[in-house]
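**Q** Below: one structure in structure tokens.
Protein chains: 2
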Amino acid sequence: MPSDEQPIPSVWARPRREREQPALSREQIVAEAVRLLDEEGIDALSMRRLGSRLNAGATSLYRHVANKDELFELAVDEVYGELPLPEQADAAGWRASIEQVARSLRATILRHPWIAAKLGEVGLAYLGPNMLRQTEHLLGVFEAAGFSLDEADQAMNTLVAYVLGVSTGEAAVLSMIARSGQTEQEWVERLWPAAERAVQDYPRLRARYAAQRGQDVSKSDQDNFEYGLQRVLDGLQTRLG
Amino acid sequence: MPSDEQPIPSVWARPRREREQPALSREQIVAEAVRLLDEEGIDALSMRRLGSRLNAGATSLYRHVANKDELFELAVDEVYGELPLPEQADAAGWRASIEQVARSLRATILRHPWIAAKLGEVGLAYLGPNMLRQTEHLLGVFEAAGFSLDEADQAMNTLVAYVLGVSTGEAAVLSMIARSGQTEQEWVERLWPAAERAVQDYPRLRARYAAQRGQDVSKSDQDNFEYGLQRVLDGLQTRLG
DNA sequence: CGCACATGCGTACGATGTGCGCTATGGTAA
DNA sequence: TTACCATAGCGCACATCGTACGCATGTGCG
Chain A
2 MPSDEQPIPS VWARPRRERE QPALSREQIV AEAVRLLDEE GIDALSMRRL
52 GSRLNAGATS LYRHVANKDE LFELAVDEVY GELPLPEQAD AAGWRASIEQ
102 VARSLRATIL RHPWIAAKLG EVGLAYLGPN MLRQTEHLLG VFEAAGFSLD
152 EADQAMNTLV AYVLGVSTGE AAVLSMIARS GQTEQEWVER LWPAAERAVQ
202 DYPRLRARYA AQRGQDVSKS DQDNFEYGLQ RVLDGLQTRL G
Chain B
2 MPSDEQPIPS VWARPRRERE QPALSREQIV AEAVRLLDEE GIDALSMRRL
52 GSRLNAGATS LYRHVANKDE LFELAVDEVY GELPLPEQAD AAGWRASIEQ
102 VARSLRATIL RHPWIAAKLG EVGLAYLGPN MLRQTEHLLG VFEAAGFSLD
152 EADQAMNTLV AYVLGVSTGE AAVLSMIARS GQTEQEWVER LWPAAERAVQ
202 DYPRLRARYA AQRGQDVSKS DQDNFEYGLQ RVLDGLQTRL G
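Below, the structure written as structure tokens:
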């Protein structure tokens with residue numbers, strides 16, 4: 002290729018890239034970022050890789066997004082936007098209503114495991130519109146259940162903390178599995194011997210591992226989640242009786 | 002022996018560094034890593050910076066630690082080692098015993114806020130000795146309270162998930178404050194106007210913010226934690242009645 | 001018709017994690 | 001004593017990262 006200064010060797014060799022793409026937009030960038038994060042995990046997101054997925058240079062993204070951290074904030078709020086607004090039940094149906102919230106929150110985190118790591122870095126100080134809307138609405142659900150606004154806030158924080166805590170643990174494992182390129186089954190089987198060895202000196206842990214060998218992991222994760230969820234709801238109920 | 006290469010300009014210019022330091026050790030490295038993380042946050046830990054704090058080159062660390070991830074695992078388990086083993090109470094005193102566990106877990110996380118981010122990445126798949134010991138012991142506390150081993154496991158997971166969830170949110174804010182180089186007061190005051198503006202259209206959130214203006218943040222964080230803790234314990238208690 | 005602005009991009013800089021091979025040290029065997 | 005060898009530390013190098021900067025180009029407005 003003649004890369005020196007030339008008076009254009011041929012018209013046809015001219016850039017000719019012009020305007021076919023509708024150009025970059027913030028929404029597009031964020032959507033593609035979420036897709037990339039879902040597919041390849043949090044470490045796979047670099048500005049260069051994201052740019053090239055959008056047929057763009059890495060630094061082009063900076064016209065639409067201040068920096069990588071901001072991009073993550075936008076991606077997190079995008080995911081929050083997936084959550085359905087819970088139905089605003091009456092005092093009788095509050096438990097079902099809140100169960101639904103908890104389950105869909107968990108499901109969303111498991112669908113986008115990287116979000117757990119980000120929430121761990123930045124907590125709930127995000128202030129994104131989707132998150133605000135969700136929070137406002139959820140406060141309403143707790144009020145409808147019979148809590149004062151003050152206590153609704155605390156009750157909501159309790160519930161959300163629990164769900165986030167459990168889901169974070171599950172999401173971390175999902176992320177590691179995704180990074181390892183193995184199936185969940187393979188991954189568990191590869192780790193198991195080391196775990197059993199490590200646990201040898203601890204009778205209760207050993208018993209737990211023995212009991213769970215060969216069990217369906219995601220099933221028991223789910224049972225575990227439901228157990229804790231019911232306990233948290235029981236605890237909140239004591240304040241309504 | 003240097004007879005052919007250089008004539009050595011002066012004996013005194015010779016290295017003379019020999020062996021004064023007891024050399025690097027894994028324990029030393031991990032301890033210094035924890036110190037650096039506590040002082041300057043998770044982004045401040047690079048192998049080069051850690052090395053220079055130990056009067057060592059970056060790559061020297063790799064003689065004692067496989068890679069940065071492993072270093073983090075060791076650091077996390079080191080911190081787990083700070084937790085006191087909870088007193089093994091009888092069925093009557095289980096609540097106090099578990100409260101103590103929950104509080105010291107939270108306190109530890111707040112003392113080392115970076116750990117929340119790491120737990121968010123890697124969950125509880127750590128298998129470090131301190132963590133295993135802690136878990137085994139805690140299972141015992143739940144058993145002593147009257148849970149079967151199966152249910153003790155679930156109950157423990159519920160409690161830990163809650164504490165981790167709340168503390169993660171608090172720790173994230175602490176980390177951001179530390180990174181910003183401001184005091185908590187300054188940081189809150191700088192963020193507040195934006196938050197109030199963002200919250201304008203949501204009556205319940207607006208009311209919450211209005212009520213909390215000027216309040217002591219860490220005090221209300223603590224109240225919040227205690228509220229949720231009591232709810233979780235209430236919920237667990239329903240299974241023991 | 002010309003000008004200002006917005007957008008994309010090439011280049012570049014400093015920092016990062018870490019592999020590789022050299023060197024010196026200190027312990028052990030002969 | 002001497003010869004040797006495992007080990008710890010380190011300098012160098014490489015690929016990759018986030019992102020600042022300034023140029024080029026196409027668009028919309030006067």
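Chains as they are written, first to last, in the numbering used here: chain A, 2 to 242; chain B, 2 to 242.
Every residue gets a Cβ at the ideal spot worked out from N, C-alpha and C, and that includes glycine.
Owing to the predicted nature of the structure, the values given are computational and were not obtained by experimental measurement.
Do alanine 97/B and alanine 90/B have their C-beta atoms within less than 8 Å of each other?
**A** Yes.
**Q** Please confirm if arginine 209/B has its CB atom under 8 Å from at least one CB of chain A.
**A** Arginine 209/B counts as touching chain A.
**Q** Name the chain B residues that come within less than 7 Å of aspartate 154/A, Cβ to Cβ?
**A** The contacting residues are Arg209.
**Q** Apply the 10 Å Cβ neighbour rule to glutamate 28/A and answer buried if 16 or more other Cβ atoms are within range, or exposed otherwise.
**A** Classification for glutamate 28/A: exposed.
**Q** Would you say asparagine 68/B lies against chain A (beta-carbon separation less than 8 Å)?
**A** Chain A, which has no Cβ nearer than 8 Å to the Cβ of asparagine 68/B, makes this no.
**Q** Under 8 Å Cβ-Cβ, which residues of chain B neighbour asparagine 131/A?
**A** Chain B residues near asparagine 131/A: none, gap ~12 Å exceeds 8 Å.
**Q** Taking Cβ-Cβ distances shorter than 9 Å, what residues in chain A pair up with methionine 48/B?
**A** Those do not exist, as methionine 48/B stays about 17 Å from chain A at its closest Cβ, beyond 9 Å.
**Q** Nearest by alpha-carbon distance to histidine 113/B: which of Gln155/B, Thr159/B, Ser168/B and Tyr63/B is it?
**A** It is Ser168/B whose Cα lies nearest to the Cα of histidine 113/B.
**Q** Taking 8 Å as the threshold (beta carbon to beta carbon), is arginine 104/A in contact with chain B?
**A** No, its Cβ sits nowhere closer than 8 Å to a Cβ of chain B.
**Q** For threonine 136/A, would you say it is in contact with chain B, using Cβ-to-Cβ distances shorter than 8 Å as the test?
**A** Output row for threonine 136/A: interface = yes.
**Q** Helix, strand or coil: how does DSSP classify asparagine 56/A here?
**A** It is coil, neither helix nor strand.
**Q** Beta carbons nearer than 8 Å to chain A: which residues of the stretch 164 to 184 of chain B have them?
**A** For the stretch 164 to 184 of chain B, which is checked against every Cβ of chain A, the residues closer than 8 Å are Val164, Leu165, Gly166, Val167, Thr169, Gly170, Glu171, Ala172, Ala173, Val174, Ser176 and Met177.
**Q** How many angstroms separate the CA atom of glutamine 183/B from the CA atom of proline 130/A?
**A** If you take the alpha carbons of glutamine 183/B and proline 130/A, they lie about 26 Å apart.
**Q** Who are the near neighbours of lysine 69/A in its chain, counting only those whose CB is closer than 6 Å to its CB and skipping five residues on each side?
**A** The answer is none, since no qualifying residue turns up.
**Q** Tell me which same chain residues have a C-beta within less than 8 Å of the C-beta of arginine 191/B, skipping the five on either side of it?
**A** Same-chain partners within the cutoff: Gln183.
**Q** By DSSP, does glutamine 183/B sit in helix, in strand, or in coil?
**A** Note: glutamine 183/B maps to coil in three-state DSSP.
**Q** The alpha helix (DSSP H) with asparagine 131/B in it runs from where to where?
**A** 130 to 146 is the extent of the alpha helix (DSSP H) around asparagine 131/B.
**Q** Output the distance between the C-alpha atoms of serine 53/B and alanine 24/B, rounded to the nearest integer angstrom.
**A** Their Cα atoms are separated by approximately 13 Å.
**Q** For a quick check, are the C-beta atoms of alanine 126/A and methionine 177/B less than 8 Å apart?
**A** Yes, they are a contact pair.
**Q** Residue ranges of each alpha helix (DSSP H) run of no fewer than 4 residues wholly in the stretch 39 to 92 of chain B, ordered along the chain?
**A** Qualifying alpha helix (DSSP H) stretches, in chain order: 48 to 54 and 69 to 81.
**Q** DSSP three-state call for arginine 209/B: helix, strand or coil?
**A** The answer is helix: DSSP assigns arginine 209/B an H, G or I state.
**Q** Quick test of the definition: if touching needs 3 or more C-beta pairs under 8 Å, does the stretch 226 to 238 of chain A touch the stretch 145 to 160 of chain B?
**A** They touch, by the three-pair rule.
**Q** My assumption, with CB atoms under 8 Å, is that alanine 199/B sits in contact with leucine 133/A. Please give the rounded CB distance.
**A** Sure, about 6 Å apart at Cβ, within 8 Å.
**Q** Select from the stretch 83 to 108 of chain A all residues with a C-beta closer than 7 Å to any C-beta belonging to chain B, and list them in chain order.
**A** Correct list: empty, as no residue qualifies.
**Q** With DSSP run on the structure shown, which of helix, strand or coil describes aspartate 154/B?
**A** Of the three classes helix, strand and coil, the one that applies to aspartate 154/B here is helix, per DSSP.
**Q** Give a yes or no on whether the minimum CB-CB distance between glutamine 22/A and chain B is below 8 Å.
**A** Per-residue confidence for glutamine 22/A stands at a pLDDT of 48, beneath the threshold of 50, marking its modelled position as unreliable; no derived number is given.
**Q** Looking at the C-beta of glutamate 41/A, does it have a partner C-beta in chain B at a distance below 8 Å?
**A** No, because no Cβ of chain B sits closer than 8 Å to the Cβ of glutamate 41/A.
**Q** Alpha carbon to alpha carbon, what distance is there between glutamate 41/A and proline 204/B?
**A** Each residue's Cα considered, the two are about 39 Å apart.
**Q** For leucine 139/B, which residues in the same chain have their Cβ closer than 7 Å to its Cβ, ignoring the five residues on either side in sequence?
**A** Cβ neighbours of leucine 139/B beyond the five flanking positions: Pro87, Val102 and Met157.
**Q** Which residues in chain A have a C-beta closer than 9 Å to the C-beta of alanine 126/B? List them in chain order.
**A** Ordered by position in chain A, the residues that pass the 9 Å Cβ test against alanine 126/B are Gly170, Ala173, Val174, Met177, Leu192 and Ala196.
**Q** Output, in chain order, the set of chain B residues within a Cβ distance shorter than 9 Å of aspartate 235/A.
**A** Under the 9 Å cutoff, chain B gives Arg232, Asp235, Gly236, Leu237, Gln238, Thr239 and Arg240.
**Q** Against tyrosine 203/B, what residues of chain A qualify as contacts under a CB-to-CB distance less than 7 Å, listed in chain order?
**A** What tyrosine 203/B touches in chain A: Leu133 and Glu137.
**Q** Mind checking leucine 234/B: buried by the 16 CB within 10 Å criterion, or exposed?
**A** Leucine 234/B should be labelled buried.
**Q** What does alanine 199/B reach in chain A if we use C-beta pairs closer than 7 Å?
**A** Simply Leu128 and Leu133.
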